[in-house]
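Structure first, then comments.
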Amino acid sequence: MTFLQSAAVRVGLSISVATGLYGVSFGALSAASGLVFWQTMALSLLLFSGGSQFAFIGVLSGGGSPLAAMSAAALLGIRNGVYGMQINALLAPRGLLKIAAAHVTIDESTASGTAQSDPSEQRRGFWVAGIGVFLLWNVFTAVGALIGDALGDPKHWGLDGAAVAAFLGLLWPRIRSRQPAAIAVVCAVATLLAVPFVPPGVPILVAALVAGLIGWFRRGHERDGMEPDVEPHLHPGRPGTGDAATAGSRGT
Numbered sequence: 001m002t003f004l005q006s007a008a009v010r011v012g013l014s015i016s017v018a019t020g021l022y023g024v025s026f027g028a029l030s031a032a033s034g035l036v037f038w039q040t041m042a043l044s045l046l047l048f049s050g051g052s053q054f055a056f057i058g059v060l061s062g063g064g065s066p067l068a069a070m071s072a073a074a075l076l077g078i079r080n081g082v083y084g085m086q087i088n089a090l091l092a093p094r095g096l097l098k099i100a101a102a103h104v105t106i107d108e109s110t111a112s113g114t115a116q117s118d119p120s121e122q123r124r125g126f127w128v129a130g131i132g133v134f135l136l137w138n139v140f141t142a143v144g145a146l147i148g149d150a151l152g153d154p155k156h157w158g159l160d161g162a163a164v165a166a167f168l169g170l171l172w173p174r175i176r177s178r179q180p181a182a183i184a185v186v187c188a189v190a191t192l193l194a195v196p197f198v199p200p201g202v203p204i205l206v207a208a209l210v211a212g213l214i215g216w217f218r219r220g221h222e223r224d225g226m227e228p229d230v231e232p233h234l235h236p237g238r239p240g241t242g243d244a245a246t247a248g249s250r251g252t
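With the UniProt record's numbering, the residue at position 136 of the sequence shown is 136, and numbering never jumps.
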């Protein structure tokens, strides 16, 4: 199988294009909020978390202080820390790769990696999506910051819808039983109810809190649900662990 024949690579590339193009919107809105080009690029290169970036410039454009903007961005960035724990268990990166993996651990790279069941495909999905989104997001951020006025309202291009559709395309095939489907519906309703009352970006945190509470209080366990399951404590070379144990735990 060649690199481009990999399902994980194709998924990672498609999500990279859909999400990266949305960087045009961020660049244009950042320039409109009063940030100069280098400040806009610093946010995309160093912060690199779309929701946090939009929250940051949203607070600034609304007249908020830089401290309030940083607080809003940090609040939305909490989810990446949760993703980081999952990716660390899934891929076990070492050395400098751990630093690189931490920087590109976002919604899209996490979804692209965890959507696969084969360990090699998980790595391909994560890295292709993570690096792909990083490169394209920054390229199109620069485009949006430089020619934002000529583009008009970024919403007219439909790029926000493209990014959401691509993410849902990764999520939907993983809902394999009624319970995850029910949880997804409850979280969607909670998100819609929260939209009129909280700042942009916070509704997704409300949904995450609802999902966490359901997981905490529900009784029993369904084997068929959101896969793959992560086995963080299995180490090759130890009795009862390694590839054979991992295969057994996944029912293969």
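Beta carbons are placed, not taken as given, at the ideal position from N, Cα and C, and that holds for glycine. Here the structure is a predicted model, which means the values were calculated and not measured.
V195 burial status per 10 Å Cβ neighbour count (16 or more: buried): Residue 195 sits at position 195 when you count from the first residue of the sequence shown. It is exposed - the Cβ of V195 has fewer than 16 other Cβ atoms within 10 Å.
Are the CB atoms of G132 and G23 nearer to each other than 8 Å? To locate residue 132, count along the sequence shown from 1; it is residue 132. To locate residue 23, count along the sequence shown from 1; it is residue 23. No, Cβ-Cβ distance for G132 and G23 is not below 8 Å.
From this set, R123, A142 and V104, which residue's C-alpha is nearest F134's C-alpha? Your numbering for residue 134 matches position 134 in the sequence shown. When each option's Cα is compared against that of F134, the closest is V104.
If you count every other CB in all the chains shown that lies within 10 Å of the CB of F126, and 16 or more means buried, which is it? Within the sequence shown, the letter at position 126 stands for residue 126. By the neighbour-count rule (16 or more Cβ atoms within 10 Å), F126 is buried.
Beta-carbon proximity of A129 to S16, cut-off 8 Å: The residue given as residue 129 occupies position 129 in the sequence shown. The residue given as residue 16 occupies position 16 in the sequence shown. Cβ atoms of A129 and S16: closer than 8 Å.
Where does A28 land, buried or exposed, given buried means 16+ other C-beta within 10 angstroms? As a working mapping, residue 28 is identified with position 28 in the sequence shown. With 16 or more Cβ atoms within 10 Å of its Cβ, A28 is classed as buried.
Could you give the first and the last residue of the continuous alpha helix (DSSP H) run that contains Y22? Here the question's residue 22 lines up with position 22 in the sequence shown. Premise fails: Y22 is in no alpha helix (DSSP H) and is neither H nor E.
Just to confirm before moving on: does the CB-CB distance between A69 and F56 stay below 8 Å? Counting from one through the sequence shown, the residue named residue 69 turns up at place 69. Counting from one through the sequence shown, the residue named residue 56 turns up at place 56. Cβ atoms of A69 and F56: closer than 8 Å.
Compute the beta-carbon to beta-carbon distance between E121 and A18, rounded to the nearest angstrom, for a pair I have assumed lies under 8 Å. As a working mapping, residue 121 is identified with position 121 in the sequence shown. As a working mapping, residue 18 is identified with position 18 in the sequence shown. Not a contact, Cβ separation roughly 20 Å.
How is the alpha helix (DSSP H) around P180 delimited, first residue to last? Along the sequence shown, one-based indexing puts residue 180 at 180. Where P180 is concerned, the enclosing alpha helix (DSSP H) stretches over R178 to A194.
Indicate the three-state DSSP secondary structure (helix, strand or coil) for Q116 in the structure shown. Residue 116 sits at position 116 when you count from the first residue of the sequence shown. Residue state, collapsed to three classes: coil.
Mapping DSSP to helix, strand and coil, what is L234? Start at 1 with the first residue of the sequence shown, and residue 234 comes out as number 234. Legend: pLDDT at L234 = 45, less than 50; position of this residue unreliable, value from coordinates given subsequently. Coil at L234, not helix or strand.
Measuring only the C-alpha atoms, how far is I78 from L97? Position 78 of the sequence shown holds residue 78. Position 97 of the sequence shown holds residue 97. About 21 Å.
Relative to the C-alpha of I106, which residue among L4, I147, G20 and G215 is closest? Here residue 106 refers to the residue found at position 106 of the sequence shown. The shortest Cα separation from I106 among L4, I147, G20 and G215 belongs to G20.
Outcome for Q216 when other beta-carbon atoms lying within 10 angstroms are tallied against a minimum of 16: Taking the first residue of the sequence shown as 1, we reach residue 216 at position 216. It is worth fixing the name first, because residue 216 is Trp in this sequence and not Gln. Result: exposed.
Do you know how far the Cα of R178 is from the Cα of T40? Position 40 of the sequence shown, counting from 1, holds the residue named residue 40. Position 178 of the sequence shown, counting from 1, holds the residue named residue 178. Going by the C-alpha atoms only, they are around 43 Å apart.
Quick check: what's the CA-CA separation for E227 versus E108? In the sequence shown, the residue the question calls residue 227 occupies position 227. In the sequence shown, the residue the question calls residue 108 occupies position 108. For E227, the predicted model reports a pLDDT of 44, less than 50, meaning its position is unreliable; a value from the coordinates is still stated below. Taking the straight line joining both Cα atoms gives about 16 Å.
Just to confirm before moving on: does the CB-CB distance between Q53 and S44 stay below 8 Å? Counting from one through the sequence shown, the residue named residue 53 turns up at place 53. Counting from one through the sequence shown, the residue named residue 44 turns up at place 44. In contact: Q53 and S44 (Cβ atoms closer than 8 Å).
Taking the alpha helix (DSSP H) that P66 belongs to, which residues open and close that run? By 1-based counting over the sequence shown, the position of residue 66 is 66. P66 -> alpha helix (DSSP H) spans P66 to L91.
Measuring only the C-alpha atoms, how far is V36 from N88? Along the sequence shown, one-based indexing puts residue 36 at 36. Along the sequence shown, one-based indexing puts residue 88 at 88. Spanning the two alpha carbons is a distance of roughly 36 Å.
Do A182 and V11 have their beta-carbon atoms positioned less than 8 Å apart in this structure? To locate residue 11, count along the sequence shown from 1; it is residue 11. To locate residue 182, count along the sequence shown from 1; it is residue 182. No; because the gap between Cβ atoms is not below 8 Å, this pair is not in contact.
Residues near L4 in its chain [Cβ-Cβ closer than 6 Å; skip 5 each side]: Taking the sequence shown and counting its residues from 1, the one referred to as residue 4 is at position 4. So no residue of the chain qualifies.
Using a Cβ-Cβ cut-off of 6 Å (strictly less than) and excluding sequence neighbours within five positions of L76, which residues of its own chain qualify? Position 76 of the sequence shown, counted from the start, is the residue given in the question as residue 76. The answer, listed in chain order, is G51, S52, A55 and G201.
Kindly list the residues whose CB is nearer than 8 Å to the CB of S49, restricted to its own chain and excluding five residues on each side of it in sequence; keep chain order. As a first step, residue 49 must be located in the sequence shown, where it is residue number 49. Cβ neighbours of S49 beyond the five flanking positions: A73, L76, G77, N80 and I106.
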